[in-house]
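Written out below as structure tokens is the structure these notes cover.
In this note's numbering, the protein residues as written are 111 to 231.
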């Protein structure tokens, strides 16, 4: 085993949260969303819904360079969690790679559409 094989390299994930009007939040995600770091994203999204009680959570994926199935699963689960808690969660500005994956899975339109009624529950 050489020196390189002894160390795991984990992808970097950066998340920032900014307030929006009407008690909503923007969550900006940058880097790679993978099995190794998806718990960070889940924690931020659930805190926005449960602790902050945001009326809506806008997830900006413009700087996401890669997302695996666990990341997509967490976005879908977080949207369901938001809707079950009288909130909303939707994505904006997906990067080309994210857009392609979500489109192939039939999730792009579903995850990109805010609740039109303003009544997520």
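Every residue, glycine too, gets a C-beta built ideally from N, C-alpha and C. Treat the numbers as computed from the prediction; the structure is a model and nothing was measured.
On a CA-only basis, which of the options is nearest residue i? Give me that one, please.
i           : options            : result
residue 132 : 221, 162, 171      : 162
residue 169 : 176, 160, 189, 175 : 189
residue 208 : 149, 173, 128, 156 : 173
residue 150 : 196, 192, 127, 134 : 127
Short check: CB of residue i to CB of residue j, under 9 Å?
i           : j           : result
residue 154 : residue 125 : yes
residue 145 : residue 180 : yes
residue 123 : residue 142 : yes
residue 138 : residue 184 : no
Taking the continuous alpha helix (DSSP H) assigned at residue i, which residues delimit it?
i           : result
residue 219 : 218-222
Bridge partners of residue i, per DSSP?
i           : result
residue 134 : 130
residue 125 : 139
Following the continuous beta strand (DSSP E) through residue i, name the residue where it begins and the one where it ends.
i           : result
residue 170 : 167-177
Hey, how far is the Cα of residue i from the Cα of residue j?
i           : j           : result
residue 212 : residue 218 : 5 Å
residue 186 : residue 214 : 15 Å
residue 158 : residue 205 : 23 Å
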